[in-house]
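J.: From first to last, the protein sequence lines stand for chains A and B. For the first sequence, UniProt numbering gives the first residue as 1, with consecutive numbering after it. For the second sequence, UniProt numbering gives the first residue as 1, with consecutive numbering after it.
Protein chains: 2
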Amino acid sequence: MNLISVEDVHAAAERIKDAAAVRTPLLRCDWADPARPLWLKPENLQPIGAFKIRGAANAIARIPASARANGVVAYSSGNHAQAVAYVAKRFGLRATIVVPENTPTTKIEATRAHGAEVVVVPITDREIVAERLVAERGATLIPPFDHPDVIAGQGTIGLEIAADLPDVEAVLVPVSGGGLASGVATAIKALCPKAAVIGVEPALAGDAAESLAAGHRVRWTDEDRARTIADGLRAAPSDLTFAHLRERVDTIVTVSEEEIRAAVVTLATRARLVAEPSGAVTTAAYLNRTADLPQGRTVAIVSGGNLDQSLLAELLTHPTP
Amino acid sequence: MNLISVEDVHAAAERIKDAAAVRTPLLRCDWADPARPLWLKPENLQPIGAFKIRGAANAIARIPASARANGVVAYSSGNHAQAVAYVAKRFGLRATIVVPENTPTTKIEATRAHGAEVVVVPITDREIVAERLVAERGATLIPPFDHPDVIAGQGTIGLEIAADLPDVEAVLVPVSGGGLASGVATAIKALCPKAAVIGVEPALAGDAAESLAAGHRVRWTDEDRARTIADGLRAAPSDLTFAHLRERVDTIVTVSEEEIRAAVVTLATRARLVAEPSGAVTTAAYLNRTADLPQGRTVAIVSGGNLDQSLLAELLTHPTP
């Protein structure tokens, strides 16, 4: 299995730097444990509200001119959909997005608002439908995580962390399909070799944690993984991303649904950031998995901020379900 | 009346650059009117949740070594209090903060958490009590806006806007005591002379708008100005700040309470930013005062994000009072 290199990530950074991804700052948290100073990397502030714009931009930038007229297709539980729609529009490409039927309304509407065609299907059919559209139209599939260009694009977050806090000691990164964690770990292990890279998953979708501990991929059903409130973390690693996780991620910790809900509230009230549950898992781990994490300077990646207004209001009113 | 110069603002930027103020990015809003592209300047992401850290840092950095042992005193409706407390702690100075009794609990607790002594008094007594503390202790008063060093510190926001978006055409800035607007207008008019600088006030605390239209300071009572939900915008300009506003701010527009409440919700759901009502007035103006604003590239300063969790939940559930 060929893993991506930090040179691939540097090339991605060069390729996407004018593609509307924001250079997000590190935000120091004055409410953190002094023994483990905490900085947030607020990727919820990207134009589409999530880090996914980085991988989508790198993959779309590499489509050959001859294939651009046929457009792009993506399947996604939400943020990748918006990212592909947004970037495709900037490049002048037609985008068709296949989303599972449990996707939050906010995300479907936002995807349509970027000019994409949205096809809603049962969660288990999304890859098949996307592949059929690719075959029919000659379009290019932009996978949500299982592609070296997507992984390299997400890894640009790691380059920015290394540049802004070169003596970082721990980086906490959400794990779903593993593209973000694979890319970030590639950059951090190359540039800050002393730093630990810790994946974070909801316990209810903890297949990657179990797989990493077992040393091989353990399959959970889609239905099992769909139980978590963190709707962006319901995918499972591929062979490609699992190979990166095994090689470059130190460990994966899991957090409970209650811890995730409380972390959304902490981020809103203490860090003034609206994070979706998937984006709050790293803060949940920081606050609750102390014994499992290294001491020292910690960065938590807040991966996205797209949640329905009613859910945000509910969490602020009743953090405990 | 001597106004500050852009050189004073450049000097402030140099002085505060290691004082923990974040270099906030401009965030492009994909939901904006294409004829008036909108960028947010998210000062709610500063360590104390508001721009006030900039002015406080510049003023405290200039206290002579001989006076430091006597500490600093400030009076404030909240965010300036936290800023002075936070910066004083970093400089190793004792801080005493006088706050009015209608200050949100969040802000009082946050100020104490930064190690400051907090004295709660009726809103009309705060300046008197602060001056008495200064006389008794030989401490240095850090005023919330009526001081050239504070104005110059807040103006560093204008430098960053000019650097990141040199062809900006309109800058929207909240107006209370006028320190932020004075500083930002000084930087923008020097560096981007074609850009309009528009102040924004709640209509219920619209004394500066009325004063600017009249060409002289019109006094509103503290009680009148206390009616707005935007608790950070209840102060009135001083002679010093009003002189800056007259010379360098193009106009001041006002927004309703309902527009402010709705803008808090828009920022949370569309921009993933938690803004307090005072920080949301510029977005309210962008969305509702279209006829009064220039066309073209617009920056709205989101000045702060400290509001009680219960108020944020209420606004998300019932934006209309």
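Heads up, the beta-carbon is just placed ideally off N, CA and C, and yes, glycines get one too.
Could you tell me the distance, in whole angstroms, from the CA atom of B/T111 to the CA atom of B/Q82?
T.: 5 Å
J.: Closer than 8 Å by beta-carbon distance: list the chain A residues that pair up with B/L273, in chain order.
T.: L45, R272, L273, V274
J.: Could you pull out every residue in the same chain whose Cβ sits closer than 6 Å to the Cβ of A/E259, ignoring the five residues on either side in sequence?
T.: A284, N288
J.: Looking at the strands, I want to know which residues DSSP matches up with B/A196.
T.: B/A170
J.: Reducing DSSP to helix, strand and coil, say where A/G49 ends up.
T.: coil
J.: Going straight from the alpha carbon of B/S211 to that of B/V218, what length do you get?
T.: 5 Å
J.: Spell out whether any CB of chain A is found under 8 Å from the CB atom of B/Y86.
T.: yes
J.: Nearest to A/R36 by alpha carbon, out of A/A50, A/A300, A/P193?
T.: Minimum Cα distance to A/R36 is reached at A/A300.
J.: In chain order, what residues of the stretch 19-33 of chain A put their CB closer than 9 Å to some CB of chain B?
T.: A20, V22, R23, T24, P25, L26, L27, R28, C29, D30, W31
J.: Can you check the stretch 69-124 of chain B for any alpha helix (DSSP H) of at least 4 residues that lies completely inside it and give the ranges in chain order?
T.: 79-91, 105-113
J.: With 8 Å set as the bound, which would you pick, yes or no: does the beta-carbon of B/A268 sit closer than that to a beta-carbon of chain A?
T.: yes
J.: Name the chain A residues that come within less than 8 Å of B/V118, Cβ to Cβ?
T.: Within 8 Å Cβ-Cβ: nothing; B/V118 doesn't reach chain A, min ~17 Å.
J.: Kindly provide the ranges of any alpha helix (DSSP H) runs that are 4 or more residues long and lie completely inside the stretch 214-270 of chain A, ordered along the chain.
T.: Counting only runs that start and end inside the stretch 214-270 of chain A, the alpha helix (DSSP H) elements of at least 4 residues fall at 222-225, 239-248, 257-270.
J.: Taking the DSSP output, what are the residues bridged to B/E131?
T.: Answer by DSSP bridge pairing: none, since B/E131 is not bridged.
J.: The beta strand (DSSP E) that contains B/K41, what's its start and end?
T.: The continuous beta strand (DSSP E) containing B/K41 extends over residues 38-42.
J.: Does the distance from the CB of B/V99 to the CB of B/V120 come in under 8 Å?
T.: yes
J.: Could you name the residues of chain A that B/L312 contacts, counting a contact when the two beta carbons are closer than 9 Å?
T.: A268, T269, L312, A313, L316
J.: Answer yes or no: does any C-beta atom of chain A fall closer than 8 Å to that of B/G115?
T.: no
J.: Could you list which residues in chain B have their beta carbon closer than 8 Å to that of A/V265, in chain order?
T.: Q309
J.: In angstroms, rounded to a whole number, what distance separates the CA positions of B/E257 and B/A205?
T.: 10 Å
J.: Which of the three DSSP states, helix, strand or coil, is assigned to B/E314?
T.: helix
J.: Hey, out of B/L273, B/I198, B/E7, whose CA is closest to A/P42's CA?
T.: Nearest C-alpha to A/P42: B/L273.
J.: At which residues does the beta strand (DSSP E) containing A/T298 begin and terminate?
T.: 298-302
J.: Just the chain B side, please: which residues come within less than 8 Å of A/G49 by C-beta, in chain order?
T.: R272
J.: Along the stretch 290-309 of chain B, what residues have a CB closer than 8 Å to any CB found in chain A?
T.: For chain A, the residues of the stretch 290-309 of chain B that bring a beta carbon within less than 8 Å of one of its beta carbons are G305, N306, Q309, in chain order.
J.: Measuring straight from C-alpha to C-alpha, what distance separates A/V184 and A/V173?
T.: 8 Å
J.: Could you pull out every residue in the same chain whose Cβ sits closer than 6 Å to the Cβ of A/M1, ignoring the five residues on either side in sequence?
T.: A243
J.: Which of the three DSSP states, helix, strand or coil, is assigned to B/L141?
T.: strand
J.: Which of the three DSSP states is assigned to A/L159 in this structure?
T.: helix
J.: Are the beta-carbon atoms belonging to B/T317 and B/E169 less than 8 Å from one another?
T.: no
J.: Are B/P144 and B/G179 closer than 8 Å when you measure CB to CB?
T.: yes
J.: B/H10 lies in the alpha helix (DSSP H); which residues open and close that run?
T.: First-last of the alpha helix (DSSP H) with B/H10: 6-16.
J.: Look at the Cβ atom of A/Q46, then the Cβ atom of A/V9, and state whether they are nearer than 8 Å.
T.: Cβ atoms of A/Q46 and A/V9: not closer than 8 Å.
J.: What is the residue span of the alpha helix (DSSP H) that B/A187 lies within?
T.: 179-191
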